[in-house]
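Enquirer: Below is one structure. I have some questions about it.
In our numbering, the protein residues as written are 84 to 424.
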(Lines of atoms letter the chains of each structure in order from A and count residues from 1; the text may use other names and numbers.)
(Lines give C-alpha, C1' and ligand atoms only; values in the text may rest on other atoms or scores of the structure.)
Protein backbone atom coordinates (compact mmCIF):
# COMPACT_ATOMS: atom_id res chain seq x y z
CA UNK A 1 0.00 0.00 0.00
CA UNK A 2 1.39 3.48 -0.87
CA UNK A 3 2.45 5.56 2.12
CA UNK A 4 0.23 8.38 3.37
CA UNK A 5 1.25 11.90 4.24
CA UNK A 6 0.42 12.00 7.90
CA UNK A 7 -2.67 13.76 9.19
CA UNK A 8 -2.03 16.46 11.77
CA UNK A 9 -3.00 14.58 14.92
CA UNK A 10 -1.51 11.26 13.95
CA UNK A 11 0.46 9.48 16.66
CA UNK A 12 4.02 8.22 16.64
CA UNK A 13 3.28 4.86 15.05
CA UNK A 14 2.40 6.65 11.79
CA UNK A 15 -0.84 4.79 11.12
CA UNK A 16 -3.43 6.12 8.64
CA UNK A 17 -6.11 8.11 10.48
CA UNK A 18 -9.74 7.17 9.87
CA UNK A 19 -12.77 8.65 11.63
CA UNK A 20 -15.99 6.62 11.74
CA UNK A 21 -19.39 8.23 12.17
CA UNK A 22 -21.98 6.49 14.33
CA UNK A 23 -24.76 6.61 11.76
CA UNK A 24 -28.24 6.33 13.21
CA UNK A 25 -27.70 5.19 16.82
CA UNK A 26 -30.92 3.16 16.63
CA UNK A 27 -29.58 1.18 13.66
CA UNK A 28 -26.82 -1.39 13.25
CA UNK A 29 -23.95 1.12 13.03
CA UNK A 30 -22.91 0.98 16.71
CA UNK A 31 -23.03 -2.83 16.72
CA UNK A 32 -20.83 -3.00 13.62
CA UNK A 33 -18.26 -0.66 15.15
CA UNK A 34 -18.26 -2.65 18.41
CA UNK A 35 -17.61 -5.83 16.42
CA UNK A 36 -14.81 -4.20 14.42
CA UNK A 37 -13.05 -3.15 17.61
CA UNK A 38 -13.51 -6.52 19.30
CA UNK A 39 -13.00 -9.03 16.50
CA UNK A 40 -10.69 -7.54 13.85
CA UNK A 41 -7.21 -6.04 13.65
CA UNK A 42 -8.56 -2.88 12.00
CA UNK A 43 -8.38 -0.75 15.17
CA UNK A 44 -4.74 -1.77 15.61
CA UNK A 45 -3.76 -1.58 11.95
CA UNK A 46 -5.12 1.95 11.50
CA UNK A 47 -5.66 4.91 13.83
CA UNK A 48 -9.43 4.60 14.21
CA UNK A 49 -11.59 7.11 16.08
CA UNK A 50 -15.38 7.35 16.39
CA UNK A 51 -17.45 10.51 15.96
CA UNK A 52 -20.16 9.76 18.48
CA UNK A 53 -21.11 9.38 22.13
CA UNK A 54 -19.61 6.55 24.16
CA UNK A 55 -22.91 6.07 25.99
CA UNK A 56 -24.52 4.72 22.81
CA UNK A 57 -21.81 2.10 22.43
CA UNK A 58 -21.86 1.18 26.11
CA UNK A 59 -25.61 0.61 25.83
CA UNK A 60 -25.19 -1.81 22.91
CA UNK A 61 -22.17 -3.47 24.55
CA UNK A 62 -24.35 -4.26 27.57
CA UNK A 63 -27.23 -5.44 25.40
CA UNK A 64 -25.03 -7.71 23.28
CA UNK A 65 -22.60 -8.86 25.95
CA UNK A 66 -19.60 -7.23 24.26
CA UNK A 67 -16.60 -5.31 25.56
CA UNK A 68 -16.93 -1.55 25.83
CA UNK A 69 -14.80 0.67 23.60
CA UNK A 70 -12.36 2.78 25.68
CA UNK A 71 -12.90 6.54 25.88
CA UNK A 72 -9.67 7.30 24.00
CA UNK A 73 -11.18 6.04 20.76
CA UNK A 74 -13.89 8.73 20.67
CA UNK A 75 -14.10 12.18 19.13
CA UNK A 76 -17.09 12.95 21.31
CA UNK A 77 -20.31 14.25 19.79
CA UNK A 78 -22.80 14.69 22.61
CA UNK A 79 -26.24 13.13 22.36
CA UNK A 80 -29.25 15.44 22.09
CA UNK A 81 -30.94 16.08 25.42
CA UNK A 82 -33.60 13.45 26.13
CA UNK A 83 -32.26 10.80 23.76
CA UNK A 84 -32.02 7.17 24.81
CA UNK A 85 -31.19 4.16 22.64
CA UNK A 86 -34.27 2.54 21.08
CA UNK A 87 -32.93 -0.09 18.71
CA UNK A 88 -34.95 -0.30 15.52
CA UNK A 89 -36.91 2.93 16.05
CA UNK A 90 -37.14 6.01 13.84
CA UNK A 91 -36.54 8.98 16.10
CA UNK A 92 -35.92 12.69 15.47
CA UNK A 93 -33.23 12.77 18.17
CA UNK A 94 -31.37 9.82 16.66
CA UNK A 95 -31.58 11.57 13.30
CA UNK A 96 -30.19 14.74 14.84
CA UNK A 97 -27.29 12.85 16.40
CA UNK A 98 -26.43 11.08 13.14
CA UNK A 99 -26.22 14.45 11.38
CA UNK A 100 -24.19 16.01 14.19
CA UNK A 101 -21.65 13.18 13.91
CA UNK A 102 -21.28 13.74 10.16
CA UNK A 103 -20.73 17.47 10.64
CA UNK A 104 -18.03 16.85 13.24
CA UNK A 105 -16.22 14.25 11.14
CA UNK A 106 -16.25 16.47 8.05
CA UNK A 107 -14.84 19.35 10.09
CA UNK A 108 -11.98 17.19 11.38
CA UNK A 109 -11.19 15.83 7.90
CA UNK A 110 -11.21 19.32 6.39
CA UNK A 111 -8.68 20.33 9.07
CA UNK A 112 -6.52 17.35 8.01
CA UNK A 113 -6.85 15.71 11.42
CA UNK A 114 -7.81 12.48 9.64
CA UNK A 115 -6.96 10.99 6.27
CA UNK A 116 -10.53 9.85 5.57
CA UNK A 117 -13.99 9.38 7.04
CA UNK A 118 -16.19 6.29 6.93
CA UNK A 119 -19.89 6.89 7.54
CA UNK A 120 -22.19 4.29 9.05
CA UNK A 121 -25.81 4.16 7.79
CA UNK A 122 -28.36 6.86 8.55
CA UNK A 123 -32.15 6.81 8.37
CA UNK A 124 -33.10 9.51 5.88
CA UNK A 125 -36.52 9.81 7.54
CA UNK A 126 -35.01 10.32 11.00
CA UNK A 127 -32.35 12.57 9.49
CA UNK A 128 -34.96 14.96 8.14
CA UNK A 129 -37.03 14.76 11.33
CA UNK A 130 -33.87 15.74 13.20
CA UNK A 131 -33.49 18.92 11.18
CA UNK A 132 -31.08 17.86 8.43
CA UNK A 133 -32.79 18.56 5.13
CA UNK A 134 -30.57 16.54 2.81
CA UNK A 135 -31.48 13.49 0.69
CA UNK A 136 -28.46 11.63 2.08
CA UNK A 137 -24.78 11.60 3.03
CA UNK A 138 -23.54 12.46 -0.47
CA UNK A 139 -25.47 15.70 -0.72
CA UNK A 140 -24.75 16.78 2.87
CA UNK A 141 -21.00 16.17 2.73
CA UNK A 142 -20.76 17.86 -0.68
CA UNK A 143 -22.42 20.94 0.83
CA UNK A 144 -20.31 20.92 4.00
CA UNK A 145 -17.07 20.70 2.00
CA UNK A 146 -18.29 23.42 -0.37
CA UNK A 147 -17.91 21.05 -3.25
CA UNK A 148 -19.38 21.94 -6.63
CA UNK A 149 -19.36 18.46 -8.11
CA UNK A 150 -19.56 15.05 -6.51
CA UNK A 151 -20.72 11.62 -7.48
CA UNK A 152 -22.00 8.44 -5.87
CA UNK A 153 -19.62 5.63 -6.82
CA UNK A 154 -20.04 2.02 -5.71
CA UNK A 155 -16.82 0.03 -5.47
CA UNK A 156 -15.92 -3.63 -5.01
CA UNK A 157 -13.29 -5.97 -6.40
CA UNK A 158 -15.88 -7.37 -8.82
CA UNK A 159 -17.50 -4.22 -10.21
CA UNK A 160 -17.51 -0.40 -10.01
CA UNK A 161 -20.70 1.58 -10.66
CA UNK A 162 -21.34 5.32 -10.59
CA UNK A 163 -24.60 7.20 -10.96
CA UNK A 164 -25.79 10.11 -13.09
CA UNK A 165 -28.65 10.77 -10.64
CA UNK A 166 -28.63 9.87 -6.93
CA UNK A 167 -31.59 9.97 -4.55
CA UNK A 168 -34.23 11.12 -6.99
CA UNK A 169 -37.82 9.90 -7.48
CA UNK A 170 -38.04 7.78 -10.61
CA UNK A 171 -40.69 10.18 -11.98
CA UNK A 172 -38.06 12.95 -12.09
CA UNK A 173 -35.15 11.01 -13.55
CA UNK A 174 -35.85 11.59 -17.25
CA UNK A 175 -36.05 15.38 -16.96
CA UNK A 176 -32.94 15.47 -14.76
CA UNK A 177 -30.75 13.66 -17.29
CA UNK A 178 -29.07 16.10 -19.68
CA UNK A 179 -26.03 15.92 -21.92
CA UNK A 180 -24.25 18.30 -19.57
CA UNK A 181 -25.01 16.18 -16.49
CA UNK A 182 -23.88 12.95 -18.17
CA UNK A 183 -20.62 14.58 -19.26
CA UNK A 184 -20.06 16.06 -15.79
CA UNK A 185 -20.64 12.76 -13.99
CA UNK A 186 -18.57 10.85 -16.54
CA UNK A 187 -15.58 13.16 -16.07
CA UNK A 188 -15.80 12.98 -12.26
CA UNK A 189 -15.94 9.19 -12.58
CA UNK A 190 -13.02 9.01 -14.99
CA UNK A 191 -10.87 11.33 -12.88
CA UNK A 192 -11.67 9.38 -9.72
CA UNK A 193 -10.73 6.08 -11.35
CA UNK A 194 -7.36 7.60 -12.24
CA UNK A 195 -6.67 9.69 -9.14
CA UNK A 196 -8.30 7.58 -6.43
CA UNK A 197 -8.09 4.01 -7.74
CA UNK A 198 -5.01 4.16 -9.95
CA UNK A 199 -6.78 2.92 -13.11
CA UNK A 200 -5.21 4.61 -16.14
CA UNK A 201 -7.27 5.23 -19.31
CA UNK A 202 -10.30 3.51 -17.78
CA UNK A 203 -12.83 1.69 -19.95
CA UNK A 204 -16.27 3.04 -19.03
CA UNK A 205 -19.68 1.70 -20.13
CA UNK A 206 -22.68 4.04 -20.17
CA UNK A 207 -26.10 2.45 -19.70
CA UNK A 208 -29.28 3.45 -21.50
CA UNK A 209 -32.30 4.85 -19.66
CA UNK A 210 -35.17 3.09 -21.42
CA UNK A 211 -35.89 -0.62 -22.00
CA UNK A 212 -34.13 -2.12 -25.02
CA UNK A 213 -31.96 0.98 -25.39
CA UNK A 214 -35.02 2.98 -26.42
CA UNK A 215 -35.68 0.69 -29.41
CA UNK A 216 -34.70 3.34 -31.95
CA UNK A 217 -36.86 5.97 -30.27
CA UNK A 218 -40.01 3.86 -30.00
CA UNK A 219 -39.58 3.40 -26.23
CA UNK A 220 -38.30 6.86 -25.34
CA UNK A 221 -36.13 9.44 -27.06
CA UNK A 222 -33.51 9.99 -24.33
CA UNK A 223 -30.96 7.65 -25.90
CA UNK A 224 -31.11 9.41 -29.27
CA UNK A 225 -31.41 13.00 -28.05
CA UNK A 226 -29.36 13.02 -24.85
CA UNK A 227 -27.24 9.97 -24.04
CA UNK A 228 -25.75 9.19 -27.47
CA UNK A 229 -24.74 12.82 -28.19
CA UNK A 230 -23.07 13.04 -24.76
CA UNK A 231 -21.15 9.83 -25.44
CA UNK A 232 -20.02 11.11 -28.84
CA UNK A 233 -18.68 14.31 -27.29
CA UNK A 234 -16.75 12.29 -24.72
CA UNK A 235 -15.40 9.91 -27.34
CA UNK A 236 -14.35 12.79 -29.60
CA UNK A 237 -12.01 14.18 -26.93
CA UNK A 238 -10.38 10.83 -26.29
CA UNK A 239 -12.26 9.13 -23.46
CA UNK A 240 -12.56 5.34 -23.60
CA UNK A 241 -16.36 5.13 -23.52
CA UNK A 242 -18.94 2.64 -24.81
CA UNK A 243 -22.72 2.89 -24.99
CA UNK A 244 -25.50 3.44 -24.51
CA UNK A 245 -26.00 -0.17 -23.49
CA UNK A 246 -29.27 -1.84 -22.44
CA UNK A 247 -28.91 -2.58 -18.73
CA UNK A 248 -30.68 -5.95 -18.62
CA UNK A 249 -28.59 -7.64 -21.31
CA UNK A 250 -25.45 -5.88 -20.09
CA UNK A 251 -25.61 -7.37 -16.59
CA UNK A 252 -27.18 -10.70 -17.57
CA UNK A 253 -24.36 -11.31 -20.03
CA UNK A 254 -21.68 -10.29 -17.49
CA UNK A 255 -20.49 -7.63 -19.92
CA UNK A 256 -19.51 -5.51 -16.92
CA UNK A 257 -16.41 -7.73 -16.63
CA UNK A 258 -15.02 -6.05 -19.77
CA UNK A 259 -15.12 -2.56 -18.24
CA UNK A 260 -13.44 -0.72 -15.39
CA UNK A 261 -16.66 1.11 -14.49
CA UNK A 262 -20.32 1.40 -15.42
CA UNK A 263 -22.17 4.73 -15.46
CA UNK A 264 -25.84 4.09 -14.62
CA UNK A 265 -28.60 6.61 -15.20
CA UNK A 266 -30.40 6.21 -11.87
CA UNK A 267 -30.04 4.71 -8.40
CA UNK A 268 -31.63 1.27 -8.65
CA UNK A 269 -30.41 0.63 -12.19
CA UNK A 270 -26.89 0.62 -10.83
CA UNK A 271 -27.24 -0.48 -7.22
CA UNK A 272 -29.40 -3.59 -7.64
CA UNK A 273 -26.86 -5.42 -9.83
CA UNK A 274 -23.95 -3.96 -7.85
CA UNK A 275 -25.24 -5.36 -4.56
CA UNK A 276 -26.07 -8.73 -6.10
CA UNK A 277 -22.59 -9.04 -7.59
CA UNK A 278 -20.65 -7.61 -4.62
CA UNK A 279 -22.67 -9.47 -1.95
CA UNK A 280 -21.43 -8.16 1.44
CA UNK A 281 -18.21 -6.46 0.31
CA UNK A 282 -19.50 -3.38 -1.53
CA UNK A 283 -18.40 0.15 -0.66
CA UNK A 284 -20.07 3.50 -1.34
CA UNK A 285 -17.47 6.16 -2.21
CA UNK A 286 -18.26 9.84 -2.80
CA UNK A 287 -16.03 10.83 -5.71
CA UNK A 288 -15.08 14.43 -6.44
CA UNK A 289 -14.87 15.67 -2.84
CA UNK A 290 -11.98 17.51 -1.21
CA UNK A 291 -11.93 14.81 1.47
CA UNK A 292 -12.13 11.01 1.27
CA UNK A 293 -15.46 9.54 2.34
CA UNK A 294 -16.61 5.95 2.06
CA UNK A 295 -19.40 3.91 3.64
CA UNK A 296 -20.79 0.37 3.65
CA UNK A 297 -23.32 -0.28 0.89
CA UNK A 298 -26.21 -1.19 3.21
CA UNK A 299 -28.70 0.74 5.31
CA UNK A 300 -29.62 1.01 8.99
CA UNK A 301 -31.29 -2.44 9.03
CA UNK A 302 -33.67 -1.41 11.80
CA UNK A 303 -35.30 -4.84 11.61
CA UNK A 304 -32.18 -6.51 13.06
CA UNK A 305 -30.80 -3.64 15.17
CA UNK A 306 -29.74 -4.78 18.63
CA UNK A 307 -29.88 -8.49 17.74
CA UNK A 308 -26.14 -9.06 17.37
CA UNK A 309 -26.35 -10.44 13.83
CA UNK A 310 -25.15 -7.46 11.76
CA UNK A 311 -22.44 -8.31 9.20
CA UNK A 312 -19.30 -6.16 9.33
CA UNK A 313 -17.58 -7.01 6.03
CA UNK A 314 -18.88 -4.05 4.01
CA UNK A 315 -17.71 -1.61 6.70
CA UNK A 316 -14.30 -3.30 6.92
CA UNK A 317 -14.05 -2.96 3.13
CA UNK A 318 -15.08 0.71 3.40
CA UNK A 319 -12.25 1.38 5.87
CA UNK A 320 -9.67 -0.41 3.75
CA UNK A 321 -10.89 1.34 0.59
CA UNK A 322 -10.72 4.75 2.29
CA UNK A 323 -7.10 4.12 3.27
CA UNK A 324 -6.25 3.03 -0.29
CA UNK A 325 -7.89 6.10 -1.85
CA UNK A 326 -6.19 8.51 0.56
CA UNK A 327 -2.83 6.90 -0.25
CA UNK A 328 -3.42 7.15 -4.00
CA UNK A 329 -4.36 10.83 -3.69
CA UNK A 330 -1.15 11.50 -1.82
CA UNK A 331 0.77 9.93 -4.68
CA UNK A 332 -0.62 12.68 -6.93
CA UNK A 333 -1.91 10.54 -9.78
CA UNK A 334 -2.77 12.50 -12.92
CA UNK A 335 -6.19 13.80 -13.96
CA UNK A 336 -7.85 14.28 -17.32
CA UNK A 337 -10.65 16.80 -16.74
CA UNK A 338 -8.99 19.45 -18.93
CA UNK A 339 -10.07 17.64 -22.12
CA UNK A 340 -13.18 19.84 -22.27
CA UNK A 341 -11.36 23.07 -21.31
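Ideal Cβ positions, reconstructed from N, Cα and C, are used throughout, including at glycine.
Give a yes or no on contact between the stretch 171-179 and the stretch 366-382, applying the rule of three or more CB pairs nearer than 8 Å.
Expert: Contact fails: fewer than three Cβ-Cβ distances are below 8 Å.
Enquirer: Which ranges would you report for the alpha helix (DSSP H) in the stretch 184-249 if only whole runs of at least 4 residues count?
Expert: List check, alpha helix (DSSP H) in window: 207-212 and 220-227.
Enquirer: Indicate the three-state DSSP secondary structure (helix, strand or coil) for residue 259 in the structure shown.
Expert: Of the three classes helix, strand and coil, the one that applies to residue 259 here is helix, per DSSP.
Enquirer: Within this structure, are the beta carbons of residue 279 and residue 188 separated by less than 8 Å?
Expert: The answer is no: Cβ separation not under 8 Å.
Enquirer: Return the residue from the list 303, 415, 389 and 286 that minimises the CA-CA distance to residue 118.
Expert: The option with the nearest alpha carbon to residue 118 is 389.
Enquirer: Return the first residue and the last residue of the beta strand (DSSP E) that residue 367 is part of.
Expert: Counting along the chain, the beta strand (DSSP E) containing residue 367 begins and ends at 366-370.
Enquirer: Going straight from the alpha carbon of residue 410 to that of residue 147, what length do you get?
Expert: So the alpha carbons of these two residues sit roughly 35 Å apart.
Enquirer: Please list, in chain order, all residues of the same chain as residue 230 whose beta carbon is under 6 Å from its beta carbon, the five residues on each side excluded.
Expert: If we look at residue 230 and ignore the five residues flanking it on each side, its Cβ neighbours are 372.
Enquirer: Is there contact here, the stretch 122-132 with the stretch 176-185, by at least three beta-carbon pairs under 8 Å?
Expert: Segments in contact, no.
Enquirer: Here's a check: name, in chain order, each residue in its chain whose Cβ is nearer than 8 Å to the Cβ of residue 38, leaving out the five neighbours to either side.
Expert: Coverage of the chain is limited to positions 84 through 424, which leaves residue 38 absent and any answer about it impossible.
Enquirer: Can you find the residues in the same chain that come closer than 6 Å, C-beta to C-beta, to residue 158, ignoring five residues on each side of it along the sequence?
Expert: Within the same chain, residue 158 has close Cβ partners 132 and 134.
Enquirer: So is residue 294 buried or exposed if we call it buried at 16+ other beta carbons inside 10 Å?
Expert: Looking at its Cβ environment, which holds fewer than 16 other Cβ atoms inside 10 Å, residue 294 is exposed.
Enquirer: With a Cβ-Cβ cutoff of 8 Å, do residue 357 and residue 242 count as a contact?
Expert: Their beta carbons are under 8 Å apart, which means residue 357 touches residue 242 by this criterion.
Enquirer: Name the two residues that bound the continuous beta strand (DSSP E) containing residue 344.
Expert: 344-347 is the span of the beta strand (DSSP E), which, as asked, contains residue 344.
Enquirer: Quick one: measure Cβ to Cβ for residue 272 and residue 236, integer angstroms, because I've assumed they're closer than 8 Å.
Expert: Indeed, because the Cβ distance is near 7 Å, the residues count as touching under 8 Å.
Enquirer: Got a sec: does the ligand GDP put a non-hydrogen atom nearer than 7 Å to the Cβ of residue 330?
Expert: Questions concerning the ligand GDP fall outside what the structure shown contains, since it holds no ligand whatsoever.
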